[in-house]
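Student:
Spelled out as structure tokens, the structure:
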């Protein structure tokens, strides 16, 4: 008894410790520490991974610089790097433009994300309703087949009723002879010929009542799910992954990149990391084709960021529900231990 209490106290101590750790991590100080620690961890990891390659590139550049300087010295076109401000006024204007443009863009993405989330919830609700309508149609069809089969049996029974009554009368007479031979009393008479018909009618009524109850149950389930509609997190992630894969295939065919490079460009661009080491249009000879690719890429990225805002909106509701469920579960366990 003492050992069981000791084990319970140890389990309760571990649960309380986990709660304190989780509460600290989700507090303001804990979140700041978590972000700083995560950034430091990323710095260490990327330095360990990219450091040797960076040193190798620097050595290659140092070796090739003397050979390439004469070719590049007379080239006035900026054909290697991406578009960026070079002058003092241009850099200052970029900062001022971004101060206004970034909040405006965030507001736009928030509004568009809310609208797209509502549309996505509506389509998901329609799919649930369609699913239950198909189930209801299948149950109705099955019940109708059973009722038709039962009605056919009843009609065949009524059509052959004289022959069935004759067979029952013969069987009844044989039973009476058997009872008289052993000294028992005779039976009261042959069974009623309408029993099968009445049984068929009862079965039809029971099937109709059962089908009605099934319809009511399915409708109640549909209404209950539609009242607490919540798009699954897996479907949200699958939608975003499908958009990334679609863009990766497009740029893979378009720019002759590898699939990993295309996926890397789409992910880095949509998450607004934007290192600028890859951009479409570099494989195009004419400026017109490069501008067309730039416009299409801008549309893809704008739609992708709106889709990302929609996914955050949908995932937020699902995560809140999961956290509430987890909190209720911990509360129930605490009540059991108390």
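Numbering (full-length UniProt numbering), first residue to last: 1 to 338.
Every residue, glycine too, gets a C-beta built ideally from N, C-alpha and C.
1. In terms of residues, what are the limits of the alpha helix (DSSP H) holding residue 239?
2. On the three-state DSSP scale, how would you describe residue 258?
3. Just verifying my parser: in three-state terms, what is the DSSP assignment at residue 101?
4. Measure the Cβ-Cβ separation of residue 280 and residue 294 and say whether it is below 9 Å.
5. Give the straight-line distance between the Cα atoms of residue 284 and residue 314, rounded to the nearest whole angstrom.
6. Which word fits residue 300, buried or exposed, when buried means at least 16 other C-beta atoms lie within 10 angstroms of its C-beta?
7. Using the three-state DSSP reduction, which class does residue 263 fall into: helix, strand or coil?
8. Pop quiz: residue 232 and residue 292 are said to be a contact at Cβ under 8 Å. What is the actual Cβ separation, rounded to whole angstroms?
9. For the region 319-331 and the region 254-261, state whether three or more C-beta atom pairs, one from each stretch, are separated by less than 8 Å.
10. As a quick exercise: from 327, 305 and 324, pick the residue whose alpha carbon is nearest that of residue 108.
11. Exposed or buried, residue 247, counting other C-beta atoms within 10 Å across all chains shown (16 or more means buried)?
12. Please name the residue in 290, 18 and 98 whose C-alpha comes closest to that of residue 254.
13. Which whole-angstrom value describes the C-beta separation of residue 120 and residue 310, a residue pair presumed to lie in contact below a C-beta threshold of 8 Å?
14. Out of curiosity, what's the CA-to-CA distance linking residue 18 and residue 324?
Tutor: To lay it out plainly:
1. That run of the alpha helix (DSSP H) goes 233-255.
2. If DSSP states are grouped into helix, strand and coil, residue 258 belongs with coil.
3. Helix at residue 101.
4. The criterion of a C-beta distance shorter than 9 Å is satisfied by residue 280 and residue 294.
5. With a pLDDT of only 48 at residue 284, under 50, the local geometry of the prediction cannot be trusted, and no value is derived from it.
6. By the neighbour-count criterion, in which a residue is buried when 16 or more other Cβ atoms sit within 10 angstroms of its Cβ, residue 300 is buried.
7. If DSSP states are grouped into helix, strand and coil, residue 263 belongs with the helices.
8. In this structure residue 232 does not touch residue 292 by the C-beta definition: roughly 38 Å separates them, more than the 8 Å allowed.
9. With the rule of 3 Cβ pairs closer than 8 Å, the region 319-331 does not count as touching the region 254-261.
10. Cα-wise, what sits closest to residue 108 is 305.
11. Buried, since its Cβ has 16 or more Cβ neighbours within 10 Å.
12. Shortest Cα-Cα distance from residue 254 to any of 290, 18 and 98 involves 290.
13. 6 Å between Cβ atoms; contact.
14. If you take the alpha carbons of residue 18 and residue 324, they lie about 17 Å apart.
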